[in-house]
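Read through the structure below, which is laid out as structure tokens, and then see the notes.
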Amino acid sequence: MRILLSNDDGYRAPGLGVLAEHLSAIGDVVVVAPDRDRSGASNSLTLDRPLRLEQGENGFYWVDGTPTDCVHVAITKLFSAKPDLVVSGINAGENLGDDVLYSGTVAAAMEGCFMGCPALAVSLTGTVLAHYSAAAEITCTLISDIMKHGQGKNWLMNVNVPDRPSAEQLGFRVTRLGRRHKGASVVQQTDPRGRPVYWIGPSGPPCKEISNDTDFDSISQGFVSITPLHTDLTAHSALVDLAAWIGQ
Numbered sequence: 008m009r010i011l012l013s014n015d016d017g018y019r020a021p022g023l024g025v026l027a028e029h030l031s032a033i034g035d036v037v038v039v040a041p042d043r044d045r046s047g048a049s050n051s052l053t054l055d056r057p058l059r060l061e062q063g064e065n066g067f068y069w070v071d072g073t074p075t076d077c078v079h080v081a082i083t084k085l086f087s088a089k090p091d092l093v094v095s096g097i098n099a100g101e102n103l104g105d106d107v108l109y110s111g112t113v114a115a116a117m118e119g120c121f122m123g124c125p126a127l128a129v130s131l132t133g134t135v136l137a138h139y140s141a142a143a144e145i146t147c148t149l150i151s152d153i154m155k156h157g158q159g160k161n162w163l164m165n166v167n168v169p170d171r172p173s174a175e176q177l178g179f180r181v182t183r184l185g186r187r188h189k190g191a192s193v194v195q196q197t198d199p200r201g202r203p204v205y206w207i208g209p210s211g212p213p214c215k216e217i218s219n220d221t222d223f224d225s226i227s228q229g230f231v232s233i234t235p236l237h238t239d240l241t242a243h244s245a246l247v248d249l250a251a252w253i254g255q
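Everything in the sequence shown is counted per this note's numbering, starting at 8 for the first residue and increasing by one.
The following block contains the structure:
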């Protein structure tokens, strides 16, 4: 199995190295990641300048662009045929609910899906972030199970793993995306020359919901969250109403 591995934390990120090592036991792995942290880059492509593709000191390839750039360049230039799987991660921190709209980790996997490959994004949730190996083991198990039954299908999964040892993992739950409350306001500061600068504030807390089937619920209860995603953003439930509003 040919696997393309990427991330949004940069080609030196610890989660990337650990996952590359584990994935090498189940397939031939090519790693192409950004040259630096590009968290929050979402699905952006670099169109205003050329991109550079180089091989780093750790043997991984890096691109001086976004996670989406990395996957796009890798599939079109480093593979003679499409990889069998695109994996993105292990991200340093959660990608839950609304996070997927901003996440470079999810965007890298999504680009693989756009280009016709099954894809999976994996993130480690928590504050200390000490158990990347456990998350990598879980990722390999999921890949084996899903590829066995989903071979030939162009699926896209978002996986979040609690930061705990393998022996303390409680299992898997298939979830839907939750929602967050509004994020904090921007933080204004002053640079050394007296000019105002602004930091984007942290994400808001998860919204309380009647059901307990969201990715937030799964993680809060100590389970691995697996959320199937798709790239069709059409609001199908609004099609009839919209047609009526415009007199169609």
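Every residue gets a Cβ at the ideal spot worked out from N, C-alpha and C, and that includes glycine.
Where the beta strand (DSSP E) containing Gly96 begins and where it ends: 92-99
Coarse secondary structure for Asp35, derived from DSSP in three states: strand
Short Cβ contact (9 Å threshold) for Pro21 with Ala99: yes
My output table needs one value for Pro41: the three-state DSSP class, helix, strand or coil. strand
Of the residues Leu52, Asp222, Tyr205, which one's Cα is nearest the Cα of Gln196? Tyr205
Going along the chain, which unbroken runs of the beta strand (DSSP E) with 3 or more residues stay wholly within the stretch 45-129? 60-62, 68-70, 92-99
To which residues does DSSP link Tyr205 through a beta bridge? Gln195
Are there 16 or more other CB atoms within 10 angstroms of the CB of Asp198, so buried, or fewer, so exposed? exposed
For Leu249, does the three-state DSSP call read helix, strand or coil? helix
If you draw a straight line from the C-alpha of Pro212 to the C-alpha of Thr221, how long is it? 14 Å
For Val168 versus Thr134, is the C-beta distance shorter than 9 Å? no
According to DSSP, is Leu11 helix, strand or coil? strand
Considering Cα atoms alone, identify which of Leu131, Asp239, Thr53 is closest to Leu26. Leu131
Check whether the stretch 170-177 and the stretch 49-61 touch, using three or more Cβ-Cβ pairs below 8 Å as the test. no
Could you give the DSSP three-state label for Pro21: helix, strand or coil? helix
Does the contact criterion of 3 or more C-beta pairs under 8 Å hold for the stretch 63-71 versus the stretch 86-98? no
Kindly indicate which residue of Ser31, Cys124, Val193 has the alpha-carbon position closest to the one of His79. Cys124
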